[in-house]
Amino acid sequence: MIIITNIAHSLFLGVLQGTHLIKIFTATEPCQILVPASFCYALRMPAVMCFDAHMTIHLSIVIERGIALRHLSTYESSTVVTGFALATFSFISALGIAVYTMRKYDFDARTFYCSGATKDTMFEVSITSYSIVAFEAIIIVMFGCIYHLNVRRSNVYDVRAKYQAKENLVVLRLLIPVVFFHFLVFFFFMAASAIASSIRNIFPTPTAFRVYLAAVYLVPVYTLGSPLIMWWILRRHRLSRSQHLLRISAKIKDENDIYFSNYAWNTR
């Protein structure tokens, strides 16, 4: 779902930036560069929603791992209802945040650069930015707590619960690079966006302020980096699985090696 969100965000942003470039290179008069607010809203609104969805999906992933921890013995055989409910929650909550952020958008204006943060929406953008930074910090704490509880549950004597806890730990360990990359990029971007309203007066012109907003827009870095990190994680996981299968399928010379080999694997 994160990858789909990244693709959608990149498409909307690509069309937007491409339109700006075409106007810049084809305009014969400065006024021809300007675009109507309705066009900006039609592309910025979905892009803002995709941006907010990164946080809501991040939260849903942690909630899903918490549910898996709560129902260790039965979660493997559960239905897709939980995943569908969390996906719906991610979509609706992201839409609600985006609608609130853009609710004061001025449809009568014309601008040379389409931005979600305008003089009319700056207060809502700042509130949303501060809130997302706070939620991201809470999500990191939740992730750490779930990881710690899984480590504790993996040391029980119930074989089924022990196995499920270890599988949950494998998933959590795979998610660690994505979670921290997500937090770092969004923290710095949202912090820069949140303080934008307070430092707006130091910019001599509205154009300079929009250049600042465009410069701190780090979301394309995330949309490019997160799929690469996930590809690296999955590749590393497949390699680790292959090596493990080769190890356990190798011919055992000493029967004691079976016990110690499995013991070493289960205590990681």
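Here the sequence shown stands for residues -18 to -1, 1 to 250, where the numbers follow mature numbering (1 follows the signal peptide of the UniProt record, and there is no 0). Glycine is no exception: its CB is placed at the ideal position from the N, C-alpha and C atoms. Bear in mind the structure is a predicted one, so any value in this text is a computation, not a measurement.
Three or more Cβ pairs closer than 8 Å define a contact, and the stretch 29 to 40 meets that threshold against the stretch 77 to 88. Sequence-distant partners of Thr103 (beyond 5 residues in either direction) whose C-beta falls short of 7 Å from its own C-beta, in its chain, are Thr83, Met84, Lys86, Tyr87. For Pro18, the three-state secondary structure derived from DSSP is strand. Under the 8 Å Cβ criterion, the stretch 163 to 179 counts as touching the stretch 96 to 110, having at least three qualifying pairs. In the structure shown, Thr83 adopts helical secondary structure according to DSSP, grouped into three states.
Its Cα nearest to that of Leu(-6), the residue Met27 stands out among Ala19, Phe162, Met27, Ile184.
A straight-line Cα-Cα distance of about 8 Å links Tyr204 and Phe168.
Judged by DSSP secondary structure, Phe125 falls within the alpha helix (DSSP H) whose first and last residues are 104 to 135. When the five nearest sequence neighbours on each side are left out, the beta carbons in the same chain lying within less than 8 Å of the beta carbon of Tyr23 are those of Met84, Tyr87, Phe89, in order along the chain.
Contact between the stretch 147 to 164 and the stretch 211 to 223 is established, with three or more Cβ pairs separated by less than 8 Å. Taking a contact as a CB-CB distance under 8 Å, the pair Arg155 and Ala147 does not count as one, their CB atoms being some 13 Å apart.
Around Pro188, the same chain offers no residue with a beta carbon nearer than 6 Å, after the five sequence neighbours per side are excluded. The stretch 93 to 101 makes contact with the stretch 7 to 26; the number of CB pairs closer than 8 Å reaches 3 or more. Secondary structure at Thr93: strand, using DSSP grouped into helix, strand and coil. Assignment of Pro186 by DSSP, reduced to helix, strand and coil, places it in the coil class. Taking 9 Å as the cut-off, the Cβ atoms of Phe171 and Leu200 count as close. Between Ser75 and the set Tyr194, Ser42, Thr61, Ala19, the nearest pair of CA atoms involves Ser42.
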